[in-house]
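Peer 1:
Number of protein chains: 2
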Amino acid sequence: MTDRPTTRRPPMGARTGYRLVKLADLLLVLADRTLATLGVKSKHVHVLETLLTYDSLSQQDVSRLLGIDPNVLVGVLDELEARGFAERRRNPRDRRRHVIQVTDAGRALVAESTRLLDEAEDAFFTAVSAADRQVVHDAAGLLLAAHRPGWSEESPGAGC
Amino acid sequence: MTDRPTTRRPPMGARTGYRLVKLADLLLVLADRTLATLGVKSKHVHVLETLLTYDSLSQQDVSRLLGIDPNVLVGVLDELEARGFAERRRNPRDRRRHVIQVTDAGRALVAESTRLLDEAEDAFFTAVSAADRQVVHDAAGLLLAAHRPGWSEESPGAGC
DNA sequence: TATTGTTATACTCTATAACTATA
DNA sequence: TATAGTTATAGAGTATAACAATA
């Protein structure tokens, strides 16, 4: 039912991996276009969301949780600080580390971003049933748990 | 059942879009790592597969079908020609256009790539049931059809 | 000596626009 | 004038290694 004989389609389109990679391209631009109204990109929101979920994370913790390199996090935090969404403070117990505080403006940004992203995602997924969408959601979670270490970690051990 | 209360996870992990984007990262490196044995990247194989599916395509046709810019296709074709996998010839009916021929070596490369990629993908998806994998496959196809024009085209009108 | 955050560097991708040759 | 392929260029993103401050 998926492939009708009248439609010729390059064979890589028959591979789930190819489809998912192309789909992710669309989802990425959708997210960034959605957040453009707020003047930020997805990565900024992801950093803030991570900071709000755990307590007193160092930059290394955030890097590891998000799977981004510590040196790119520097730039993202610079931008978040410049816009007043977060603040870097020294960790008094280990003055090499920073403890990053999310400001009230940062919390408001996350709240509004969540609303906009959920809305955009709902619109994007209207082509598939709620049940199938749930299967996709769960399958993606299982595959990430199987192949990306750190996806379903208990805690980053941030207390230091 | 998906989220156990003992596991804290940043909220963007609850969005299907975020999961699919991260999943696509893994699939992309899996594909390129799999093909590294053959000395090519996914994009080279995609171009060859497209050329084999339709007949006498111009570079513009291939660009549009794959959703890549014509100027990057130039580089990919340069590499494919240098390795003997394809050849550019002038279209006698319109000498501005090229007709790209896939060589026997190119066909062999596609065959071997398909084998390796299918194998790698099967291994990657072992964490989910065959039924759920099919749901993911079909849902991805539906979403691409809904949001990416040109995904399920009838034909590129290549005759010229 | 090892680690945290930072900076510097190079490499890859991408996107835009110019250029040529043909039409 | 418009189109197909090519080239040039600049911008974003990424990955690696060096560096200063602190442990």
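Keeping their order, the protein sequence lines are chains A and B. 1 is the number of the first residue of the first sequence in the working numbering; add one for each residue after it. 1 is the number of the first residue of the second sequence in the working numbering; add one for each residue after it. Backbone N, C-alpha and C fix where the C-beta goes; we use that ideal spot for every residue, glycine too.
#1: Rounding to the nearest angstrom, what Cα-Cα distance links V62 (chain B) and G106 (chain B) in this structure?
#2: Would you be able to state if there are at least three C-beta pairs under 8 angstroms between the stretch 33-52 of chain A and the stretch 111-119 of chain A?
#3: Quick test of the definition: if touching needs 3 or more C-beta pairs under 8 angstroms, does the stretch 120-130 of chain A touch the stretch 38-51 of chain A?
#4: For a cutoff of 8 angstroms on Cβ pairs, would you count E79 (chain B) as touching chain A?
#5: Measure the Cβ-Cβ separation of A31 (chain A) and G17 (chain B) and say whether it is below 8 angstroms.
#6: For the alpha helix (DSSP H) that contains V45 (chain A), what are its first and last residues?
#7: Find out if the Cβ-Cβ distance for the pair E87 (chain B), E81 (chain B) is shorter than 8 angstroms.
#8: If distances are taken between C-alpha atoms only, which option among A:F85, A:R90 and A:R15 comes closest to V47 (chain A)?
#9: Could you compute how far the alpha carbon of G75 (chain B) sits from the alpha carbon of R90 (chain A)?
#10: Would you say V128 (chain A) and L143 (chain B) are within 8 angstroms of each other, going by their C-beta atoms?
#11: Tell me whether G13 (chain B) is buried or exposed, calling it buried when 16 or more other Cβ atoms sit within 10 Å of its Cβ.
#12: Quick one: Cα of D69 (chain A) to Cα of P92 (chain A), how far?
#13: List the whole-angstrom C-beta distance separating I100 (chain B) from L77 (chain B), where the pair is believed to meet the contact cut-off of C-beta under 8 angstroms.
#14: Give the interface partners of R89 (chain B) over in chain A, defined as CB-CB distance under 8 angstroms, in chain order.
#15: Considering only the alpha carbon of each residue, which of A:A145, A:Q60, A:G150 and A:L52 lies closest to H98 (chain A)?
#16: Going straight from the alpha carbon of A139 (chain B) to that of L20 (chain A), what length do you get?
#17: Under a three-way DSSP split, which group does R133 (chain B) fall into?
#18: Answer yes or no: does any C-beta atom of chain A fall closer than 8 angstroms to that of A140 (chain B)?
#19: Can a CB atom of chain A be found closer than 8 angstroms to the CB of F85 (chain B)?
Peer 2: A quick look at the data gives this:
#1: Position 62 of the second sequence, counting from 1, holds the residue named residue 62 (chain B). Position 106 of the second sequence, counting from 1, holds the residue named residue 106 (chain B). Their Cα atoms are separated by approximately 16 angstroms.
#2: yes
#3: no
#4: Here residue 79 (chain B) corresponds to residue number 79 of the second sequence, with the count starting at 1. Chain A contact via Cβ: absent.
#5: The residue labelled residue 31 (chain A) in the question sits at position 31 within the first sequence. The residue labelled residue 17 (chain B) in the question sits at position 17 within the second sequence. In contact: A31 (chain A) and G17 (chain B) (Cβ atoms closer than 8 angstroms).
#6: For this step, residue 45 (chain A) is matched to residue 45 along the first sequence. Per DSSP, V45 (chain A) belongs to the alpha helix (DSSP H) from S42 to T53.
#7: Position 87 of the second sequence holds residue 87 (chain B). Position 81 of the second sequence holds residue 81 (chain B). Contact flag set, yes.
#8: Within the first sequence, residue 47 (chain A) is the residue found at index 47, counting from 1. Per the Cα distances, A:F85.
#9: As a first step, residue 75 (chain B) is located in the second sequence; it is residue number 75 there, counting from the start. As a first step, residue 90 (chain A) is located in the first sequence; it is residue number 90 there, counting from the start. When rounded, the distance between both Cα atoms is 48 angstroms.
#10: As a first step, residue 128 (chain A) must be located in the first sequence, where it is residue number 128. As a first step, residue 143 (chain B) must be located in the second sequence, where it is residue number 143. In this structure, L143 (chain B) lies closer than 8 angstroms to V128 (chain A) by Cβ.
#11: As a position in the second sequence, residue 13 (chain B) is number 13, starting the count at 1. The residue in question, G13 (chain B), is buried, as its Cβ has 16 or more Cβ neighbours within 10 Å.
#12: As a position in the first sequence, residue 69 (chain A) is number 69, starting the count at 1. As a position in the first sequence, residue 92 (chain A) is number 92, starting the count at 1. For D69 (chain A) and P92 (chain A), the distance between alpha carbons rounds to 24 angstroms.
#13: By 1-based counting over the second sequence, the position of residue 100 (chain B) is 100. By 1-based counting over the second sequence, the position of residue 77 (chain B) is 77. Correct: roughly 7 angstroms between the Cβ atoms.
#14: Here residue 89 (chain B) refers to the residue found at position 89 when the second sequence is read from its first residue. Neighbours of R89 (chain B) on chain A: none; closest Cβ ~21 angstroms, over 8 angstroms.
#15: In the first sequence, the residue the question calls residue 98 (chain A) occupies position 98. Cα-wise, what sits closest to H98 (chain A) is A:Q60.
#16: Translated into positions along the second sequence, residue 139 (chain B) becomes position 139. Translated into positions along the first sequence, residue 20 (chain A) becomes position 20. Distance between the alpha carbons of A139 (chain B) and L20 (chain A): 10 angstroms.
#17: Translated into the one-based positions of the second sequence, residue 133 (chain B) becomes position 133. R133 (chain B) falls in the helix class under three-state DSSP.
#18: On the second sequence, position 140 is the one that residue 140 (chain B) refers to. Answer yes: the Cβ-Cβ gap between A140 (chain B) and chain A drops below 8 angstroms somewhere.
#19: Numbered from its first residue, the second sequence carries residue 85 (chain B) at position 85. Output row for F85 (chain B): interface = no.
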